[in-house]
Each structure stands twice: as structure tokens, then as C-alpha cells.
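Report on the following structure.
Residue numbers (my numbering): 9 to 264.
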């Protein structure tokens with residue numbers, strides 16, 4: 009385990025004081041409660057305010073309250089909790105319908121992180137786990153999320169990263185990847201055949217939040233022994249239905 013950084017610890021101690029009482033504090037109150045040097049407290053308060061983690065209380069000179077940045081962090085944390093919890097519920101419903109493994113994943117840089125997973129009851133099924141990280145370009149959820157990025161952001165990712173193959177079927181050429189993402193964007197569904205696992209194919213659809221932004225993707229994973237063109241179309245429709253249901257749970261009300 010790494011060493012704790014004293015300055016960061018003190019800054020967090022200060023922020024946590026604002027969880028108590030009426031949520032406002034002055035420098036002398038912080039000094040008294042944390043027993044820190046006056047100069048240290050003033051420097052930390054100034055830094056936190058400059059980064060919008062704290063804000064001056066109007067008409068009360070020298071008094072601070074939590075700033076907008078603290079609110080944004082808390083909101084993001086709450087969104088992720090809601091997404092994981094709601095994702096598990098929807099994934100369970102979809103898995104009960106098709107009896108295949110269902111995942112919900114989010115994008116982090118060029119990887120996907122699975123935040124919800126419900127297994128198939130079949131003896132032969134995809135082996136995975138919530139919390140697992142995989143290269144986005146090798147998965148249907150990842151390609152769906154990459155295809156949903158703004159063009160400039162996607163181009164920056166493609167230009168800055170090397171795409172490594174997980175199986176012989178993985179798409180690693182930037183030109184081929186861009187072309188595939190364009191097709192996914194047009195169809196609204198992503199499919200991958202044996203690109204992350206030589207024995208599995210997957211289909212995925214986008215999950216949107218209340219503002220219409222794609223924040224996750226829902227996929228259905230099927231061993232090749234149960235895969236066919238007809239099954240792909242059937243599961244594509246089911247993935248879209250599940251992703252749509254999860255989007256509604258997150259507050260999405262359709263295109264305006």
C-alpha cells in the first residue's frame with residue numbers, strides 16, 4: 009500500500025467537516041476543530057476555493073460552503089450507483105427472457121468496465137464478472153460506446169492508442185475500426201464475433217441518460233454453439249429493448 013500524502017489528507021479532512029452542522033465554516037473554526045496551523049488552513053481553503061470545491065457564503069465574509077465541484081462529484085457517484093443498480097435489474101429481466109448472459113458496461117478511456125452481469129443458466133456460457141475490464145474495440149459493448157463518442161474525441165483516442173488483438177478476429181486496424189464504428193452508429197446496434205473470446209459472439213445496444221447522452225451499453229453474449237443469423241437478429245432486438253428500458257429508468261424520454 010502506498011504512503012498517504014499529508015496535504016491531501018488535510019484537504020479531505022477539511023472537506024469532510026462540511027458534512028456536519030449547517031455546512032458552513034470559517035478558517036478559525038477549521039483551525040480549532042482540526043488543530044492545524046493557521047497558514048496551512050488558509051492555504052488549503054484558498055486552494056479548494058480556487059478549484060471550486062469550496063465557495064464563499066454570500067454576505068458572510070470569511071465563511072465557506074461546499075462548491076459546485078463537490079456537488080458534481082457527488083452527482084456522478086450517485087449516477088453510477090443508480091446505473092449499476094438499475095442495470096442489474098434490467099439485465100436480470102433480459103437474461104430471464106433469452107437465457108443468455110447479459111452485461112451492462114461503461115467506457116473508461118479505451119477500455120470497458122462491466123458494472124452489471126447476469127448469467128445464463130446453460131452449462132455452456134460466457135465466463136465473466138462485474139468489475140472486469142476489457143479493451144473496448146474487442147467487445148460489442150465497447151464498440152457501441154466508442155461509436156457513440158463525439159467525432160473529435162473518437163479521433164483522438166484512435167490516434168493516441170495502439171489496438172491490441174485478443175483473438176485472431178479482433179479488429180485492430182484503425183481504418184477498419186473507424187469503418188465498423190460508422191456502421192454501428194448508423195444501425196444503432198453493435199455485434200462482435202469471437203473478438204474477445206474465440207467461442208463467443210455478442211450484440212449490444214446503447215443506454216442513454218436523461219440528457220440523451222450514451223452512458224453505457226447493454227449486451228447479450230452467446231456461445232457460438234447457440235449462435236446463428238436468426239439468433240443474432242432476435243437478440244439485437246432484445247438488447248435494444250433492454251437498453252431502452254434501462255434508459256427510461258435513467259430518465260431518458262426519447263429524442264426531442
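For every residue, glycine included, the Cβ atom is placed at its ideal position computed from N, Cα and C. Values in this document were obtained by computation on a predicted structure and should not be read as measured data.
Which residue wins for smallest C-alpha separation from residue 67, given the options 149, 59, 32, 238?
Within the chain shown, the letter at position 59 stands for residue 67. With distances taken between Cα atoms, residue 67 lies closest to 32.
Out of 191, 163, 207, which one is the CA nearest neighbour of residue 234?
One-based indexing of the chain shown puts residue 234 at position 226. Taking only the C-alpha atoms, the option nearest residue 234 is 207.
Using 7 angstroms as the threshold, is the C-beta distance between residue 212 and residue 152 below it?
Within the chain shown, residue 212 is the residue found at index 204, counting from 1. Within the chain shown, residue 152 is the residue found at index 144, counting from 1. The answer is yes: Cβ separation under 7 angstroms.
What residue does the alpha helix (DSSP H) around residue 50 start on, and which one ends it?
Along the chain shown, one-based indexing puts residue 50 at 42. Segment 46-58, the alpha helix (DSSP H) holding residue 50.
Distance, Cα to Cα, residue 224 vs residue 187?
In the chain shown, the residue the question calls residue 224 occupies position 216. In the chain shown, the residue the question calls residue 187 occupies position 179. Rounded to whole angstroms, residue 224 to residue 187 spans 21 angstroms at the Cα level.
What would DSSP say about residue 245, mapped onto helix, strand or coil?
On the chain shown, position 237 is the one that residue 245 refers to. Reduced to three states, the DSSP call for residue 245 is helix.
With distances taken from CA atoms, which of 87, 65, 61 is nearest residue 76?
The residue given as residue 76 occupies position 68 in the chain shown. For residue 76, the nearest C-alpha among the options comes from 61.
Just tell me which of 12, 145, 256 has its CA closest to the CA of residue 192.
Along the chain shown, read from residue 1 onward, the residue named residue 192 stands at position 184. If we check each option's Cα against that of residue 192, 145 comes out closest.
Please classify residue 209 as buried or exposed, where buried requires at least 16 other C-beta atoms within 10 Å of its C-beta.
In the chain shown, the residue the question calls residue 209 occupies position 201. Per the 10 Å Cβ criterion, buried.
In terms of alpha-carbon separation, which member of 70, 12, 10 lies closest to residue 38?
Translated into the one-based positions of the chain shown, residue 38 becomes position 30. When only C-alpha atoms are compared, the closest one is 70.
Got a sec, what are the start and stop residues for the alpha helix (DSSP H) residue 38 sits in?
Numbered from 1 along the chain shown, position 30 holds the residue referred to as residue 38. Per DSSP, residue 38 belongs to the alpha helix (DSSP H) from 35-42.
Among 85, 84, 22, which one has its Cα closest to the Cα of residue 56?
The residue given as residue 56 occupies position 48 in the chain shown. Here the closest residue by C-alpha is 22.
Could you pull the start and end residues of the beta strand (DSSP E) that residue 166 belongs to?
The residue labelled residue 166 in the question sits at position 158 within the chain shown. That residue, residue 166, is in no beta strand (DSSP E); its alpha helix (DSSP H) goes 159-168.
What number of angstroms, rounded off, separates the C-alpha of residue 266 from the C-alpha of residue 251?
As displayed, the chain neither begins before 9 nor continues past 264, which places residue 266 out of reach and without an answer.
May I ask which residues mark the beginning and end of the beta strand (DSSP E) holding residue 141?
Within the chain shown, residue 141 is the residue found at index 133, counting from 1. Its beta strand (DSSP E) spans residues 141-143.
Spatial neighbours of residue 175 within its chain, please: C-beta separation below 8 angstroms, excluding the five flanking residues on both sides.
Residue numbering aside, residue 175 sits at position 167 when the chain shown is read from its first letter. Around residue 175: 146, 202, 203, 204, 205, 206.
Expressed to the nearest angstrom, what Euclidean distance is found between the alpha-carbon atoms of residue 162 and residue 230?
The residue given as residue 162 occupies position 154 in the chain shown. The residue given as residue 230 occupies position 222 in the chain shown. Approximately 28 angstroms between the Cα atoms of the pair.
Using the C-alpha atoms, what's the distance from residue 227 back to residue 123?
Position 115 of the chain shown holds residue 123. Position 219 of the chain shown holds residue 227. Rounded to whole angstroms, residue 123 to residue 227 spans 12 angstroms at the Cα level.
Identify every run of the alpha helix (DSSP H) within the stretch 74-127, keeping only runs that are complete inside it and at least 4 residues long; order them along the chain.
Those alpha helix (DSSP H) runs which fall completely within the stretch 74-127 and span 4+ residues are 76-106.
Per DSSP, which one or two residues make a beta bridge with residue 273?
Only positions 9 to 264 of the chain appear in the structure, and residue 273 is not among them; the question remains open.
Taking the alpha carbon of residue 26 as the reference point, which residue from 72, 18, 197, 96 has its own alpha carbon closest?
Within the chain shown, residue 26 is the residue found at index 18, counting from 1. When only C-alpha atoms are compared, the closest one is 72.
Apart from the five residues just before and just after residue 197, which ones in its own chain have a Cβ nearer than 8 angstroms to its Cβ?
Taking the chain shown and counting its residues from 1, one reaches residue 197 at position 189. Taken in chain order, the residues that qualify are 152, 211, 212, 213, 244, 247, 248.
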